[in-house]
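**Student:**
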Amino acid sequence: MDQNDAASRKTVKIGGVAVGDGHPAAIVAELGVNHLGDFGRAKEMIHAAHEAGADLIKFQTYVAEDRYDVTANPKGQAFIDMVRPWQFTRDQETALWDYAHGLGVPVFTSPFDADSVDFADSMGSLAFKVAAFEITNRALLRKIADKGKPVVFSCGMASLVDIRACTQLLDDHGVPYVILHTVSSYPLEKRHSQLRRIHALRQLFDCPIGHSDHTAGTAIPPLAIAAGANMIEKHFTTTPKLRQSDNFFSITPEELGEIVFAVRQVERWMGDGAFGMQETEEYMYAFRRHTE
């Protein structure tokens, strides 16, 4: 497709947030499991991300034992054992959703199993995120697509065949989607960010394209905007000194505020791409050389 034809690129609405060309990039604070199962910390994170300017906040919703088929993948047991202590009860999760809704925070989640899809849907998840690890999980994709809500999916580790298979399934269900470029390394060194892939995805797909950034700090998101990203996702924490989960490379509330400011600046600086003399150039016109 012609990436310069904004009219041909779809816009996806997640609640009241429009994602696509012609709209401010959506900034997503990924809370994940950085709360480490601490309910009070999770509430603090929701409030802090909202106050820092996140457009959307994302949870992870799962039943630890259902994250992997350990018969087919015995290595998955170690992961299950790791994330089990960070899992909230459904009552606790309900309270967190209610707390976010009470603040007016737009929330969606990454569900990792069928029961969690149903639960998140009942909580009013505005969309569903499919993690890079799950985009070849056809059963989970179908379960999510059947809900008819917008889908955001990361394509780390994925081949173009994998990505097209995912978009085809979503297209078949009539579900709008956003593709996030990502490199699945935690944390990611900036030199491996592969930001040109954002441009490549824009050339190949007529949906909004974003970037899920796993580098430390605030440098990459404004560059991703310049590369054409319509959404930025960053892991978020209020406890960066903790080493468990993704806390140690996640952004703080202060850094989230810096990213929001920088992204909005870059969006203004990018302009509209139109040719012709700008108002700011008019005073120089008298010095222009004319030749026959």
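Letter by letter, the sequence shown follows residues 529 to 820 in the working numbering. Quick reminder that beta carbons are idealized off the backbone N, C-alpha and C, glycines included.
1. Identify the continuous beta strand (DSSP E) that holds Asp609 and give its terminal residues.
2. Give me the DSSP bridge partner(s) of Glu558.
3. If we ignore side chains and look at the alpha-carbon of each, how far apart do Tyr811 and Phe789 end up?
4. Taking the alpha-carbon positions, what's the Leu831 to Asp594 distance?
5. Are the segment 538 to 550 and the segment 707 to 727 touching, with three or more C-beta to C-beta distances below 8 Å?
6. Specify whether the segment 690 to 709 and the segment 659 to 679 touch according to this definition: at least 3 beta carbon pairs, one from each stretch, less than 8 Å apart.
7. Would you call the segment 619 to 634 and the segment 717 to 732 touching, i.e. three or more CB-CB distances under 8 Å?
8. Ignoring anything shorter than 3 residues, give me the beta strand (DSSP E) runs that lie fully in the segment 717 to 767, in order along the chain.
9. For a test of the three-state rule: what should DSSP assign to Lys675, helix, strand or coil?
10. Classify Glu782 as buried or exposed, calling it buried when 16 or more other Cβ atoms lie within 10 Å of its own Cβ.
11. Quick one: measure Cβ to Cβ for Ala655 and Ile542, integer angstroms, because I've assumed they're closer than 8 Å.
12. Does the separation of the CB atoms of Lys586 and Pro736 fall below 8 Å?
13. Could you spell out where the alpha helix (DSSP H) holding Tyr627 opens and where it closes?
14. From His701, Thr710, Ala667, pick the residue whose C-alpha is nearest to that of Ala686; which is it?
15. For the alpha helix (DSSP H) that contains His709, what are its first and last residues?
16. So, helix, strand or coil for Ala534, using DSSP?
17. What does a CB cutoff of less than 6 Å around Ser638 pick up in its chain, not counting 5 residues either side in sequence?
18. Secondary structure at Ala482, three-state DSSP: helix, strand or coil?
**Tutor:** In this structure, then:
1. The residue given as residue 609 occupies position 81 in the sequence shown. Asp609 -> not in any beta strand (DSSP E); alpha helix (DSSP H) instead, spanning 604 to 611.
2. Locating residue 558 in the sequence shown gives position 30, where the first residue counts as 1. BP columns for Glu558 point to Lys586, His763.
3. Sequence index remark: in the sequence shown, residue 811 carries index 283 (1-based). Sequence index remark: in the sequence shown, residue 789 carries index 261 (1-based). Those two C-alpha atoms are separated by around 31 Å.
4. Residue 831 lies beyond the range of the chain shown here (529 to 820); nothing can be said about it.
5. Verdict: no, contact absent.
6. At 8 Å Cβ cutoff, the stretches touch.
7. Taking 8 Å as the limit for Cβ pairs, the verdict is that the segment 717 to 732 does not touch the segment 619 to 634.
8. DSSP runs (the beta strand (DSSP E)) wholly in the segment 717 to 767: 737 to 741, 759 to 763.
9. Walking along the sequence shown from the start, residue 675 turns up at place 147. Coil.
10. Within the sequence shown, numbered from 1, the residue matching residue 782 stands at position 254. That one is exposed.
11. Here residue 655 refers to the residue found at position 127 of the sequence shown. Here residue 542 refers to the residue found at position 14 of the sequence shown. For a cut-off of 8 Å, the C-beta gap from Ala655 to Ile542 is around 5 Å, short enough to register as a contact.
12. Numbered from 1 along the sequence shown, position 58 holds the residue referred to as residue 586. Numbered from 1 along the sequence shown, position 208 holds the residue referred to as residue 736. For Lys586 and Pro736, no; Cβs fall outside 8 Å.
13. Looking up residue 627 in the sequence shown gives position 99. Run containing Tyr627: 618 to 631, per the alpha helix (DSSP H) assignment.
14. To locate residue 686, count along the sequence shown from 1; it is residue 158. For Ala686, the closest C-alpha among the options His701, Thr710, Ala667 is that of Thr710.
15. As a position in the sequence shown, residue 709 is number 181, starting the count at 1. Counting along the chain, His709 falls outside any alpha helix (DSSP H), though it belongs to the beta strand (DSSP E) covering 705 to 709.
16. Within the sequence shown, residue 534 is the residue found at index 6, counting from 1. Unreliable placement is indicated for Ala534, whose pLDDT of 46 sits below 50; no coordinate value is reported for it.
17. As a working note, residue 638 is residue 110 in the sequence shown. Closer than 6 Å at the Cβ level, and outside the excluded window around Ser638, lie Gln588, Lys657, Ala659.
18. Limits of the chain in this structure are 529 at one end and 820 at the other, which puts residue 482 out of reach.
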